[in-house]
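S.K.: The sequence shown begins at 1 in full-length UniProt numbering and counts up by one.
Ideal placement from N, C-alpha and C gives every residue a C-beta, glycine not left out.
Every value quoted in this text rests on a predicted model; they were computed, and no experiment measured them.
Sending over a structure as structure tokens; questions will come in a sec.
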Amino acid sequence: MRTAPTEALEALLSLPRLHIEAEAGAMRASYRVKQWGQWRGRVQDGGHVSALNQLVERDKLLEAPSDKIPLTYVFKKNYTVEIPRREVWNQDPDALVSHGLVWFTDGSKTLEGTGAGVRGVRPRVELSFPLGKHASVFQAEVFAISACVSENLKRGYSNQHIQICTDSQAALHALKSPRITSQVVLECTNSLAALGQKNKVRLVWVPGHSGVAGNEEADVLARKGSSDTLTGPEPAIGLPYSYPLGSIDNWTREKCQEDWSRGIGLRQARLLIKGPGAAATRSLVNLNRASISIITGLLTGHGRLNKHLSTIGLSPDSRCRLCGTSDEDSIHVLCHCPRVIVNRHRLFGAGYLAPEDIREVPVDRVLAFARSTGLF
């Protein structure tokens, strides 16, 4: 109903309250600007930097250099990027890498950490690099290509056809694009430019886990890197931008839950709704409009039950239509009404419940119970 309180609807839909979203936005902006060395303001109570400092106090790793850099353009590329169709690889894989120096690279991220691997077919080389726990898969894929390029530069090749194969289309698209916002991509681009001055360099996409020997061997080396212990401080390369964004998202969720738990008013809603939660929200928004109306009305206390209708002047009687002994509100129907004790036991596992128990019941089961009462 239109009387449903905004705060309760925000909790059901996992929408951050305006002041929380504003503070999270300030954290994102101040982190980005500070990492780029472009902050010119003064630290003030309640300002952007104050918001960021609050986040850094929770996670000191956010003080590490970021991989995200200001937008940089590199238009001239003296290397080529090729992404052949999968069918081409299946028909004649040797035709794509039949001459010159052939390398395969790969990145891997496991529960143990992140690693990069380089496998040289011609020449025969095996390299493995541990990248610690915080590097992303994308960073590992690009780092592997960069490490391969560095190995070629170290060998001093000249007038060679050099082919570097990777199964990461994301890495290839990043190295092909003139727009660069990642430090690891910029460094790889510069290394490729140096190698391409005296050689013909091709970056070629290879389908992953498709039986291509060099790619499978590079994958093994990358996995070895992910399981090896990093020597040196974390992060091994710039902190991926996804890390601070994830940290800010975690802060937002915790702040929303704290605001909901400590809020004043909305007695029935706070008893029945646990707070913002992605799983419950997904279940809710996947329902049709009629079902959403029933659930929101029941859990917020602003539905078509006699107690609320009486409060807003739409019903002369607030008593329960089922038992006639108590006010017909959400808590009474869901937890206490003796006339639906069988329905409650069948769907919730108990004849009588405390309001807090409803928080743990899946949305679809609450809906099934509501329909079984005949009140909706």
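Going by CA-CA distance only, name the one from A222, I273 and V118 that's closest to A8.
M.R.: Reading the sequence shown from its first residue, position 8 is the one you call residue 8. Answer by Cα proximity: I273.
S.K.: Just how far apart, CA to CA, sit S242 and E356?
M.R.: Within the sequence shown, residue 242 is the residue found at index 242, counting from 1. Within the sequence shown, residue 356 is the residue found at index 356, counting from 1. Using only the alpha carbons, I get a separation of about 35 angstroms.
S.K.: Going straight from the alpha carbon of G132 to that of G117, what length do you get?
M.R.: Looking up residue 132 in the sequence shown gives position 132. Looking up residue 117 in the sequence shown gives position 117. Approximately 14 angstroms between the Cα atoms of the pair.
S.K.: Alpha carbon to alpha carbon, how far is I164 from V201? Give it in angstroms, no decimals.
M.R.: On the sequence shown, position 201 is the one that residue 201 refers to. On the sequence shown, position 164 is the one that residue 164 refers to. When rounded, the distance between both Cα atoms is 8 angstroms.
S.K.: Judging by CA-CA distance, which residue of I180, P362 and L334 is the nearest neighbour of L375?
M.R.: Position 375 of the sequence shown, counting from 1, holds the residue named residue 375. Of the listed residues, the one whose Cα sits closest to L375 is L334.
S.K.: E112 lies in the alpha helix (DSSP H); which residues open and close that run?
M.R.: Taking the first residue of the sequence shown as 1, we reach residue 112 at position 112. E112 -> no alpha helix (DSSP H), and no H or E assigned at all.
S.K.: Smallest Cα separation from I292: which of S168, R365 and G349?
M.R.: For this step, residue 292 is matched to residue 292 along the sequence shown. It is R365 whose Cα lies nearest to the Cα of I292.
S.K.: What runs of the alpha helix (DSSP H), each 4 residues or longer, lie entirely inside the region 101 to 189?
M.R.: Counting only runs of 4 or more, we get 137 to 154 and 169 to 176.
S.K.: Would L172 and T189 qualify as a contact pair, given that the criterion is a beta-carbon distance under 8 angstroms?
M.R.: For the purposes of this step, residue 172 is identified with residue 172 of the sequence shown, where counting begins at 1. For the purposes of this step, residue 189 is identified with residue 189 of the sequence shown, where counting begins at 1. No, Cβ-Cβ distance for L172 and T189 is not below 8 angstroms.
S.K.: Taking a contact to mean a Cβ-Cβ separation below 8 angstroms, would you say residue 411 touches G115 in this structure?
M.R.: Past the edges of the chain, shown from 1 to 376, lies residue 411, and the structure says nothing about it.
S.K.: Between the Cα of L195 and those of T229, I162, G225 and V204, spot the shortest distance and give me the residue it belongs to.
M.R.: If you number the sequence shown from 1, residue 195 lands on position 195. Taking only the C-alpha atoms, the option nearest L195 is I162.
S.K.: Which word fits I331, buried or exposed, when buried means at least 16 other C-beta atoms lie within 10 angstroms of its C-beta?
M.R.: The residue given as residue 331 occupies position 331 in the sequence shown. Looking at its Cβ environment, which holds 16 or more other Cβ atoms inside 10 Å, I331 is buried.
S.K.: Sort out for me which residues DSSP pairs K82 with in a bridge.
M.R.: Residue 82 sits at position 82 when you count from the first residue of the sequence shown. Per the sequence shown, residue 82 should be read as Glu rather than Lys. V204, per the DSSP bridge assignment.
S.K.: Do the region 219 to 234 and the region 100 to 111 touch if we need at least three Cβ pairs shorter than 8 angstroms?
M.R.: They touch, by the three-pair rule.
S.K.: In chain order, what residues of the same chain have a beta carbon less than 6 angstroms from the beta carbon of W103, not counting five sequence neighbours either side?
M.R.: Counting from one through the sequence shown, the residue named residue 103 turns up at place 103. Closer than 6 angstroms at the Cβ level, and outside the excluded window around W103, lie G120, C148 and I164.
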